[in-house]
Amino acid sequence: MKTMAREDRVLEVVVGAVDTLVEDFDLIDFLHMLCDRCVELLDVKAVGVMLADPGGNLEVIAASDEHTRLLELFALQHDQGPCVECHRTGTARLDIDLTSPETVAAFPEFAARARRTGFTFTHALPMRLRDDVVGAMSLFQHSRRPLTTADVRLAQTLADVATIAILQQRTIEHASVERNQLEAALHSRILIEQAKGILAERRQTSVDEAFEILRGYARPRQLRLVELCRQVVNGELDIAVAFP
36 MKTMAREDRV LEVVVGAVDT LVEDFDLIDF LHMLCDRCVE LLDVKAVGVM
86 LADPGGNLEV IAASDEHTRL LELFALQHDQ GPCVECHRTG TARLDIDLTS
136 PETVAAFPEF AARARRTGFT FTHALPMRLR DDVVGAMSLF QHSRRPLTTA
186 DVRLAQTLAD VATIAILQQR TIEHASVERN QLEAALHSRI LIEQAKGILA
236 ERRQTSVDEA FEILRGYARP RQLRLVELCR QVVNGELDIA VAFP
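Numbered per our numbering, the sequence shown spans residues 36 to 279.
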């Protein structure tokens, strides 16, 4: 039964990737779903996804929680860490012990910040298709437990599926839209962060819980997450009524 549940969750990610064929595909929501499924299927504590913009600069696009998003932003600001190196080289970095001075010599500030967040072990997998590396995915753990061969294979498969989804969407869109896709995603990310902050302040809750409330409101109404967040930020939606 556990194996079947795992297969069902993997299938959900694959089906989500197939949905890139539709015009209103929500890239950010898909990548957040990918993070959620990785946490669930790989028994890791947190997941983050970075994508490269047209200039090759990495940006944090999705994370399983706010602490991880901030940690990934820290990595970008200091241009160091396994995920940054993974994107740069296009190769996986596995079973990195964040408590080992020798292992983290190349990224000491990132390792120290990660330990303060509670992480002691991390992995980074490339999001690539042949020579095209579009980003990288980080996995974080509280325990020093290496990934099994099966888990590594599954994690890379999920990263590959996401990569194909991203590249597929770029291919089917008009060239001008293709060039601006990631910029639009980054703008959407800003709107989402603003809406999370507004809702968290109004409801006196965490930004993680606020984000789940927003996702829970948008999905059954077939409303794009970024559109909902735009309405919240612009004051077009009565928060007290929509989120009692």
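Don't be surprised by glycine CBs; every beta carbon is placed ideally from N, CA and C.
Here the structure is a predicted model, which means the values were calculated and not measured.
Length of the line joining the Cα atoms of residue i and residue j
i, j, result
"GLN286", "ALA197", "Residue 286 falls outside the range modelled here, since the chain spans only 36 to 279, and no answer is possible."
"ARG44", "LEU86", "23 Å"
"GLN229", "CYS118", "25 Å"
"ARG165", "ALA141", "27 Å"
"PHE246", "LYS231", "6 Å"
"LEU160", "HIS113", "19 Å"
"THR103", "LYS80", "10 Å"
"ALA171", "ARG254", "26 Å"
"LEU189", "ALA127", "13 Å"
"VAL187", "GLU271", "44 Å"
"ALA185", "LEU76", "11 Å"
"VAL168", "PRO279", "43 Å"
"LEU106", "PHE145", "8 Å"
"ILE225", "GLU218", "11 Å"
"ALA210", "ILE199", "Because the pLDDT at ALA210 is just 49, under 50, the model does not fix this residue reliably, and the point stays unresolved."
Those residues which DSSP pairs with residue i across a bridge
i, result
"THR157", "ILE131, PHE175"
"ALA275", "In the DSSP output, where bridge partners are listed per residue, ALA275 has none listed."
"LEU164", "ASP167"
"ALA98", "GLY83"
Member of the options whose CA lies at the smallest distance from the CA of residue i
i, options, result
"GLY116", "ALA253, ILE274, LEU174, LEU164", "LEU174"
"LEU69", "PHE60, LYS80, VAL84", "VAL84"
"VAL82", "GLY125, GLU94, THR157", "THR157"
"SER223", "ALA235, VAL268, VAL169", "VAL268"
"ILE201", "GLU247, ALA277, ALA220, ARG259", "ALA220"
"HIS67", "ARG180, SER99, GLY232, GLU218", "SER99"
"ALA275", "ARG238, HIS113, ALA147, ARG254", "ARG238"
"ARG148", "PHE109, HIS177, HIS122", "PHE109"
"GLN176", "ARG151, ILE227, ALA277", "ARG151"
"THR155", "ARG180, ARG163, ALA235", "ARG180"
"MET162", "ILE131, THR124, SER178, LEU182", "THR124"
"GLU101", "ASP71, LEU46, PHE65", "ASP71"
Chain C within 7 Å of residue i, Cβ atoms only
i, result
"ASP195", "Within the model displayed, chain C is absent; a lone protein chain is all it includes."
Checklist line | Length-filtered (4 minimum) alpha helix (DSSP H) runs lying within the region 177–262 | finding: Note on the region 177–262: whole alpha helix (DSSP H) runs with a minimum of 4 residues are 184–207, 210–238, 242–253, in chain order.
Next item on the list: Examine the Cβ distances between the region 183–194 and the region 86–100 and report whether three or more of them are shorter than 8 Å.
Entry: Cβ pair count under 8 Å is below three, so no.
Check: Any chance the region 258–265 sits against the region 125–138, with 3 or more Cβ pairs inside 8 Å?
Finding: Counting Cβ pairs under 8 Å, fewer than three are found: no touch.
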